[in-house]
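Step one of this worksheet: look at the structure below.
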């Protein structure tokens, strides 16, 4: 490999590739077996791509004949046998498993373990570049391109005993190629173990080369940054006995006070107007609900003028959860002795806006729902604004409010929360979707951030897929700087939860896990979310372990070129 400005190698780590004079080297795959070094060299010979097999004899590479039947690009699966024959993974776009008794003549197996995936970072092109035997399986890295030609590195874990079985495949890119390195112009040369490190090498469109050490989470066969669904899910379902919550109970705000978890959840009943119900739990899973709503629309901008009728023409901004308006998707934050409620106010027709009300902690715990302050709009008219929450602490003496105008998370720093004289939320800082990740289309705050020693933990929701066409709502996590929450310290490269169960897909809307609340109770992170715009569910993780894995990620991984 060409030298890198970032990494140095001893002679024992390098090798020379024997190819014909007129061949152009596209990449190599080297493995050690029975005390010998072997390699596949992927070459361009005229208009044809070939794979040449070579072996070291007496300290020198002996050029080999073409590996008959094996398409470029090919990687050998060390230590793997199928019916007594050796196995390779090869192909471009259509990747297949091949077997051989001699390493020189190969036949395809019928199964394709790496199909191209729609709405993913590997939706246009896939080619394997390396295979390394691990304790839990065969770790395979592959070059991938999306429909826009953006290059990335993917990862798949194959079963040692049956390579046709995929144990895990990366949801998002494990590493991005530099901006401007497009499919057909740049190429991944491979992934190589150097001591205890794994390093990937690439050649760029102008002949430049780049190397990058794969970050720690790539070296694990499965992403460890995950939330686990509680087996009691869904924890809240529609209640046919209460007319105001007969159709849906979802998207709950959550707050921990005096060791108990309190939820304010969005409810839709016979009137099709969203109200907020109340539930309380000792353990965070089993909830006692009230028969009356805790918060109801009181202002025209909340839809109180909507009259019940069987004839309904939906407005242009009708929410995914349905309904004729009301108070939607609440967030609840405690600042001192005050609980601030933010939610989407929708009158059934106008652009949804952010509204706010507050109540003292004492009145809230005593369920004195008549003590809510008057509701007020805090975002500009005519602009769809959602996913708002108040920060739990002042930062440098100012209140902080997160909100969302498509497609970004916006951040405001305010001297007070009065919003007098037509003062509205603006955008002093912004957190954008990741244009090469799982959340390319839009993102929004899920739960108000939680303060930890590592930073502010923010659970958020996102959608899009690499090509921006996926409509599934998924959950991610960010770690924000304690002193400057507009600075992202770490961000999940994969969703920490995505819609997979029936209650996340078979309700009012397919493919939705939508968080609005999270608490830490007894060392556990509990994330409360709406499933399929129909029910309420909870997912959990050990807080310390979750933060440890999140901190490993840092920002999104990118490859940085270095001229030779």
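Numbering (this note's numbering), first residue to last: 599 to 1162. Backbone N, C-alpha and C define an ideal beta-carbon position, used for all residues, glycine too. If you're wondering where the values come from, they're calculated on a predicted model, not measured in any experiment.
Of the residues 1020, 1018, 996, 1016, the one whose Cα lies closest to the Cα of residue 1009 is 996. In chain order, 898, 899, 900, 901, 923 place their CB closer than 7 Å to the CB of residue 945, counting only its own chain and leaving out the 5 sequence neighbours on each side.
Residue pairing from DSSP places residue 975 in a beta bridge opposite 953.
Residue 853 is bridged by DSSP to 860.
Rounded to the nearest whole angstrom, the C-alpha separation of residue 883 and residue 845 is 21 Å.
Sequence-distant Cβ neighbours of residue 1115 in its own chain, meaning closer than 6 Å and more than five residues away, are 850, 851, 852, 1045, 1126. The C-alpha of residue 797 lies about 31 Å from the C-alpha of residue 705.
Shown here, residue 1004 sits in coil according to DSSP, grouped into three states, outside any helix or strand. Boundaries of the alpha helix (DSSP H) harbouring residue 961: 959-963, taken from the DSSP string. The DSSP-derived three-state label of residue 1017 is coil. Here residue 866 is bridged, per DSSP, to 846.
Going by DSSP, residue 1147 is part of the alpha helix (DSSP H) stretching over 1141-1151. Taken in chain order, the whole beta strand (DSSP E) runs of length 3 or more contained in the segment 761-844 are 764-767, 785-792, 795-801, 807-811. Taking a 10 Å sphere around the C-beta of residue 761, we find 16 or more other C-beta atoms and assign the residue as buried.
Between residue 1135 and residue 857, the alpha-carbon positions lie close to 20 Å from each other. Residues of the same chain with a CB within less than 7 Å of the CB of residue 1123, apart from the 5 flanking positions on each side, are 1116, 1138, 1139, 1141, 1144 in chain order. By the beta-carbon neighbour count (other beta carbons within 10 angstroms, threshold 16), residue 928 is buried. When DSSP states are grouped into helix, strand and coil, residue 969 belongs to the helix group. Per DSSP, the beta bridge partners of residue 930 are 939. Here the segment 827-840 does not lie against the segment 794-810, with fewer than 3 beta-carbon pairs under 8 Å apart. Rounded to whole angstroms, residue 1148 and residue 1053 show a C-alpha spacing of 11 Å. Beta-bridge pairing by DSSP links residue 684 to 679, 698. DSSP places residue 753 in the uninterrupted beta strand (DSSP E) bounded by 749-756. Within the same chain, and ignoring the five residues on either side of residue 791 in sequence, the residues whose Cβ sits closer than 7 Å to its Cβ are 730. Annotated three-state conformation of residue 638 is strand, per DSSP.
Taking all protein chains shown into account, residue 1036 has 16 or more neighbouring C-beta atoms within 10 Å of its C-beta and is therefore buried. Taking the Cβ atoms as the reference, residue 639 lies roughly 5 Å from residue 650, within the contact range of under 8 Å. The continuous stretches of beta strand (DSSP E) do not include residue 1080, and DSSP gives it neither H nor E.
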